[in-house]
Amino acid sequence: MPDGGGFDSGEDTAPIDYDVLDRLGHRLAGSERFEDVEYRPDYAPNSVVLRFDLGYFPVEVERASLQVRWYENDDFSFHYAEQWEGGDRWECRWDRHPNTHNSRDHFHPPSDAATPGTDASYSQDWREMVIEILDELDAHIKAFWA
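Under the working numbering, the first residue of the sequence shown is numbered 1015, with each subsequent residue one higher.
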């Protein structure tokens, strides 16, 4: 799996906050949504990658994941991606980082997480961000069955 959660600016941000990533991963490992949690995998060494249980998705979805990066200054990237049969992808991304395309807080909308995104305002607390993002992803997943 490629490392798709990278920032698209030349500006630096703070170091990765591995303590937050570890806490986030351990907390979400208990969720029924996820079948696997990978901590700093080789393909994304600055991330936690959560793979969704595919039982929540149509059979055409081959993989669904949420890749998270959290930085010591509370910058972040939450990159959600679905891989569908035939090679199609559906993805979006919630970001906070210095950039030239949007405000520091912004959302890259589906279906391709296009840049520029939409300016946004996010919490500084990683727990509140996880709740907000999972609520949005739950609504997306429930829409498959509506």
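A virtual CB, placed ideally from N, CA and C, is assigned to each residue, including glycine.
Pop quiz: residue i and residue j are said to be a contact at Cβ under 8 Å. What is the actual Cβ separation, rounded to whole angstroms?
{"i": "Val1062", "j": "Val1051", "result": "7 Å"}
{"i": "Phe1107", "j": "Phe1092", "result": "The question names Phe, but residue 1107 is Arg in the sequence shown. 7 Å between Cβ atoms; contact."}
Would residue i pass as a contact of residue j if the rule is Cβ separation under 7 Å?
{"i": "Trp1104", "j": "Ser1125", "result": "yes"}
{"i": "Pro1123", "j": "Glu1086", "result": "no"}
{"i": "Trp1098", "j": "Asp1031", "result": "no"}
{"i": "Phe1066", "j": "Arg1054", "result": "no"}
{"i": "Tyr1094", "j": "Leu1080", "result": "yes"}
{"i": "Glu1096", "j": "Val1075", "result": "yes"}
Could you tell me if the beta carbon of residue i falls within a distance shorter than 6 Å of some heavy atom in the ligand SAH?
{"i": "Ala1157", "result": "Looking for the ligand SAH in the displayed structure turns up nothing, as the structure carries no ligands at all."}
Apart from the five residues on each side of it in sequence, which residues of its chain come closer than 6 Å, Cβ to Cβ, to residue i?
{"i": "Phe1021", "result": "Because the pLDDT at Phe1021 is just 46, under 50, the model does not fix this residue reliably, and the point stays unresolved."}
{"i": "Asn1116", "result": "Pro1130, Gly1131, Asp1133"}
{"i": "Trp1039", "result": "Residue identity differs from the one stated: residue 1039 is Gly in this sequence, not Trp. If we look at Gly1039 and ignore the five residues flanking it on each side, its Cβ neighbours are Val1051, Tyr1053, Val1062."}
Among the residues of its own chain, which have a CB less than 7 Å from the CB of residue i, if the five just before and after it don't count?
{"i": "His1120", "result": "Asp1109, Gly1131, Thr1132, Asp1133, Ala1134"}
{"i": "Asp1152", "result": "none"}
What are the boundary residues of the beta strand (DSSP E) that includes residue i?
{"i": "Glu1086", "result": "Glu1086 -> no beta strand (DSSP E), and no H or E assigned at all."}
{"i": "Asp1050", "result": "1048 to 1053"}
Near residue i, what residues of its chain come up, given a Cβ to Cβ distance below 8 Å and the 5 sequence neighbours on each side ignored?
{"i": "Ile1147", "result": "Leu1080, Phe1092, Tyr1094, Trp1108"}
{"i": "Ser1137", "result": "Met1143, Glu1146"}
Can you give me the start and stop residues for the alpha helix (DSSP H) that residue i sits inside?
{"i": "Asp1033", "result": "1032 to 1043"}
Item to check | Contained beta strand (DSSP E) runs [length at least 3] in the region 1118 to 1155, N- to C-terminal order | outcome: Those beta strand (DSSP E) runs which fall completely within the region 1118 to 1155 and span 3+ residues are 1119 to 1122.
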